[in-house]
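J.:
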Amino acid sequence: MSELIDGKSKRKEILRDIIKDLHHGKSPDEVKERFAKLIKNVNAKEISEMEDSLMAEGISENEIKRLCDVHVSIFKEALENELPSDTPPGHPVHTFEMENREIEKAIESLNKMLKNLQEGKEEALSDYMAAIKNDVDVLSEIDKHFLRKENQLFPLLENKGVQGPTKVMWQFHDDIRQMLKEYNRTLESGDIETVVAKGEELTKAISELIYKEENILFPMALETLGESDWVRVRRGEEEIGYTLVTPGDQWQPSKEALADLDKNNQGQNQGEIKLDTGVLTQEQLNLMLTNLPVDISFVDENDQVRYYSQGPERIFPRSPGIIGRDVKNCHPSSSVHVVEKIVDQFKKGTKDEAEFWLQLKGRFIHIRYFPIRDKLGNYRGVIEVAQDVTDIRALEGENRLLDW
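First residue of the sequence shown? That's 301 in our numbering, and the numbers climb one at a time after it.
1. Taking its Cβ as the centre, do 16 or more other Cβ atoms sit within 10 Å of V638, making it buried, or is it exposed?
2. A430 and D475 - do their beta-carbons sit closer together than 9 Å?
3. Give every residue of the same chain whose Cβ lies closer than 6 Å to the Cβ of D600, excluding the five residues on either side of it in the sequence, and list them in chain order.
4. Are the beta-carbon atoms of V436 and M520 separated by less than 9 Å?
5. Give a yes or no on whether the C-beta atoms belonging to K444 and T577 are separated by under 9 Å.
6. Check this for me: beta carbons of E514 and N400, under 9 Å apart or not?
7. Considering E572, what are the terminal residues of the beta strand (DSSP E) in which it resides?
8. Would you call the region 622-633 in contact with the region 645-659, where contact means no fewer than 3 C-beta pairs closer than 8 Å?
9. So is F616 buried or exposed if we call it buried at 16+ other beta carbons inside 10 Å?
10. Below 9 Å between beta carbons: does that hold for S597 and E696?
11. Would you give the residue range spanned by the alpha helix (DSSP H) that Q584 belongs to?
12. Go through its chain and collect everything with a Cβ distance to P671's Cβ below 7 Å, but skip five positions before and after it.
13. With H, G and I counted as helix, E and B as strand and the rest as coil, what does DSSP make of S409?
14. In or out: Q568 buried (at least 16 other Cβ within 10 Å) or exposed?
15. When the Cα of P388 is compared with those of S635, D549 and D329, which residue comes out closest?
16. Given V290, which residues of its chain have a CB within under 8 Å of its CB, disregarding the five upstream and five downstream residues?
17. Ends of the alpha helix (DSSP H) at Q471?
18. With distances taken from CA atoms, which of K320, H323 and N484 is nearest K433?
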């Protein structure tokens, strides 16, 4: 066993040295031969550990990202020797891979249209452009694929100590998001040469990302995460949605995995409140609600005021005396009929929002009301959200950089 550990450790050192050589300017060809001679087998998890080690030594995420394509080029032959994931339909990795197959169909179609556009006759250009726009719209659905990785998969990997690959992969996501955004503007320009060139760049970037997922990220994740972790990934997926597919249902986690997850979700520590998507202490929950940049009030199904947020600068005055009071008694007679109408329609289920805006002391105030219903659709109350949007309404253009 110790010999195996030593062999893996040495292999990891060699991998790190190869990437460092690349970082210091050596060409891929110079290191590829050394790699082939010294390393017989390398798996995705070792590459992940190597990237984490490099980042721990001070190499930035951007440098790792810049080198990542070279990593794949060098390690491609070894990686392709790994067996594909054998996950059943319904397992998150199977769903990711199904999505990739649909994305690849859109890539193939787009590449074909780009070729036709480049070679096409003038009278057919508008038809090709319309087809290209349709393919780009399909490719834009990949954002749900990205979001599930970022919000469901990456946090669990990071909890297991996998930091580098998730950060690098997220940057690739953002690159492709930006490319899609810019490509839509390119399509509007109608410049055929640019449309073709930028389109080919886009499809290449997405294809390479798929390769990185299926040959590095997913194998490493399958080796790193336990069954209960994958149950956790699966349980949160539907809130985000899927890219061009509907997951299967053949994957059936073991009772042990489900029990382990439920045990971890109990939040049994004193003072903790178990919520649908987390566990907070009472103090944390109160601080969070108090510091939101909105005023919140909650009235239960019996029309009694149960809560209001006590922020530093409330828009409307509130005091503890209103807790337990009938909501109709909290409004002047001139407006109580409006309150009654809103609550009545919410209870009947005929409306799902009421909205008002007004000027108050030179500020623009936006007020919204939403019905609260349980999983069975039963009315459980109404929430009022009021916000001073004066400064928000004055915003123009974009501000992507921190200005303080």
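Cβ coordinates follow ideal geometry from the N, Cα and C atoms, glycine included.
The model shown is predicted, which means the values in this text are computed figures rather than measured ones.
T.: In terms of the structure at hand:
1. exposed
2. no
3. R606 and G681
4. no
5. no
6. yes
7. E572 to L575
8. no
9. exposed
10. no
11. Q582 to T590
12. F646, D652, Y679 and V682
13. helix
14. Because the pLDDT at Q568 is just 46, under 50, the model does not fix this residue reliably, and the point stays unresolved.
15. D549
16. Nothing can be reported for residue 290: it is not among the residues displayed for the chain, which extend from 301 to 704.
17. G464 to S489
18. N484
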